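Enquirer: The sequence shown runs contiguously to residue 356 in full-length UniProt numbering.
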Amino acid sequence: PTHNIASIPGDGIGPEVMKEAIKVLRAVEAIHGDLHFTIDSYDWNCKRYLETGRMMPEDGIQTLAPYDAILFGAVGSPEVPDHISVWELILPIRREFQQYINLRPIKLLKGIESPLTNKGVDDIDFVVVRENTEGEYSNSGGRLHIGTPYEVVVQNSVFTRMGSERVIKYAYELARKRGSKELSVATKSNAINFSMPFWDEVVKEIGADYNEIDAGFYHIDALVAFFVSKPEIFNVVVGSNLFGDILTDLGAAISGGLGITPSGNINPEKNYPSMFEAIHGSAPDIANQGIANPIAQIWSASLMLEHLGYPELAKKVVNGIEAALVEGEVRTPDLGGTASTAEFADKIIEEIQKE
Ligand code: NAI
Ligand code: MG
């Protein structure tokens, strides 16, 4: 089979790590034998913005729509305000392609130190499912009497039945696929008295179709504490847009940090392409030195393989990353080594080929 992939390397270390992720995909093609990726690269980045006034061409979304998936690097440059680089490229893609799931594996790979390692924690392996389109980030509200002592500010959260049901259903399906007995649910229904009780209700309604899985409700304040004190109890965690945002960044912090953590922006119906990206930015401080850690981007490519229907190949890639880490000699400076981005990626590829 052939899959058409759009690659958007972006700025800074984006292109450096993208190059290595594509090398890994080529290695995966060879392992499979009958798999082919057509990879078209689009230079939609801050340099282009400075030259043309646009991050992507006017018909950018139409250009991407026919692809099977999008592999995204990172954008951002000191000369371009962040709200432009993010709002004019990443957010339109997420929105137009109805990528309503933000998927973040939180897995502490062997050979990686977590800030919790010296607390005796070594078993972190769960997935956070974040609602990616509505909730607290809904652009609804306003300000009255601005600047006066009577100023009033309202920021609304918007929870729709469809929007809540689809993300919770996705989370239950994932819990079933992972053989989990519990779906852990971020809530705050003791204090947020409309949206969160509704969210909990939808969890119970959808849960009726998943008898073997219990819903575990955790108030967000307690949940963040458990992420740190006993992360081993989690398997699949689902949260609204804001709660999911907080949980995913905390999850990255306890499982090895920015150079490691991948993400997927998923359209589960597959009527539009999904997008896979490292969660780190363009890292201008280390760009052009060839020392960026390629793991987050390679792992993102692995999530893409899984989405395209190759879970075994996806697993080989993660196992290869882990094997390279365990061996430990070749690693980039952020992990205490001296290897270049390319040397580290080549080591990972060597291990993938042994898997
Ligand atoms: P950043 O993630 O680019 O960098 C934060 C720190 O982590 C830096 O010290 C950097 O060197 C390090 N780091 C990040 N990725 C690394 C890797 N793969 N290997 C080794 N070290 C790594 O975040 P920062 O500095 O806040 O933002 C820089 C630019 O990136 C900004 O313009 C920002 O808007 C943009 N950005 C873009 C994102 C995206 O494209 N999705 C996400 C986050 C930030
Ligand atoms: Mg965040």
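Just so you know, even glycine gets a beta-carbon here, dropped at the ideal spot from N, CA and C.
Remember, predicted model here, so these are calculated numbers, not experimental data.
1. Give the single residue among THR118, HIS84 and ILE261 whose Cα lies nearest to the Cα of ARG55.
2. Taking DSSP as the reference, what is the three-state secondary structure of ILE169?
3. How many whole angstroms separate the CB atoms of GLY338 and VAL331, which I take to be in contact at a CB cut-off of 8 Å?
4. Roughly how many whole angstroms lie between the Cα atoms of CYS47 and GLY282?
5. So what does DSSP say about PRO10, is it helix, strand or coil?
6. Near LEU117, what residues of its chain come up, given a Cβ to Cβ distance below 6 Å and the 5 sequence neighbours on each side ignored?
7. Does the distance between the C-beta of ASN294 and the nearest non-hydrogen atom of the ligand NAI fall short of 7 Å?
8. Can you give me the C-alpha to C-alpha distance between PRO10 and TYR273, rounded to a whole angstrom?
9. When you compare each of ILE280, SER275 and GLU351 to ARG105 by their alpha carbons, which one comes out closest?
10. Is the CB-CB distance between ALA7 and ILE91 below 8 Å?
11. Going by the beta-carbon positions, is the gap between ARG238 and ILE169 smaller than 8 Å?
12. On the DSSP letters alone, give me the boundaries of the beta strand (DSSP E) that residue 1 sits inside.
13. Quick one: complete alpha helix (DSSP H) runs, 4+ long, within the stretch 213-294?
14. Between the C-alpha atoms of ASP123 and GLU17, what's the straight-line distance to the nearest angstrom?
15. If you draw a straight line from the C-alpha of LYS120 to the C-alpha of GLU152, how long is it?
16. Under 8 Å between the Cβ atoms of ALA346 and VAL25?
Expert: Short version:
1. Numbered from 1 along the sequence shown, position 54 holds the residue referred to as residue 55. Taking only the C-alpha atoms, the option nearest ARG55 is HIS84.
2. Walking along the sequence shown from the start, residue 169 turns up at place 168. Note: ILE169 maps to helix in three-state DSSP.
3. Here residue 338 corresponds to residue number 337 of the sequence shown, with the count starting at 1. Here residue 331 corresponds to residue number 330 of the sequence shown, with the count starting at 1. Contact holds; Cβ gap of about 7 Å.
4. Here residue 47 refers to the residue found at position 46 when the sequence shown is read from its first residue. Here residue 282 refers to the residue found at position 281 when the sequence shown is read from its first residue. Cα to Cα, the separation comes out at about 13 Å.
5. Locating residue 10 in the sequence shown gives position 9, where the first residue counts as 1. DSSP places PRO10 in strand when its eight states are reduced to three.
6. Taking the sequence shown and counting its residues from 1, the one referred to as residue 117 is at position 116. Only ILE255 meet the Cβ criterion.
7. Numbered from 1 along the sequence shown, position 293 holds the residue referred to as residue 294. For the ligand NAI, at least one heavy atom lies less than 7 Å from the Cβ of ASN294.
8. For this step, residue 10 is matched to residue 9 along the sequence shown. For this step, residue 273 is matched to residue 272 along the sequence shown. Their backbone Cα atoms lie some 20 Å apart in a straight line.
9. By 1-based counting over the sequence shown, the position of residue 105 is 104. Closest option to ARG105, Cα to Cα, is ILE280.
10. As a position in the sequence shown, residue 7 is number 6, starting the count at 1. As a position in the sequence shown, residue 91 is number 90, starting the count at 1. Going by C-beta atoms, ALA7 is not nearer than 8 Å to ILE91.
11. The count along the sequence shown starts at 1 and reaches residue 238 at position 237. The count along the sequence shown starts at 1 and reaches residue 169 at position 168. According to the sequence shown, residue 238 is Val rather than Arg. No, they are not a contact pair.
12. Because residue 1 is not part of the residues shown, which for the chain are 2 to 356, the question remains open.
13. 221-230 and 242-255
14. Counting from 1 along the sequence shown, the entry for residue 123 is found at position 122. Counting from 1 along the sequence shown, the entry for residue 17 is found at position 16. Approximately 31 Å between the Cα atoms of the pair.
15. Against the sequence shown, residue 120 aligns to sequence position 119. Against the sequence shown, residue 152 aligns to sequence position 151. Taking the straight line joining both Cα atoms gives about 46 Å.
16. Residue 346 sits at position 345 when you count from the first residue of the sequence shown. Residue 25 sits at position 24 when you count from the first residue of the sequence shown. Yes; because the gap between Cβ atoms is below 8 Å, this pair is in contact.
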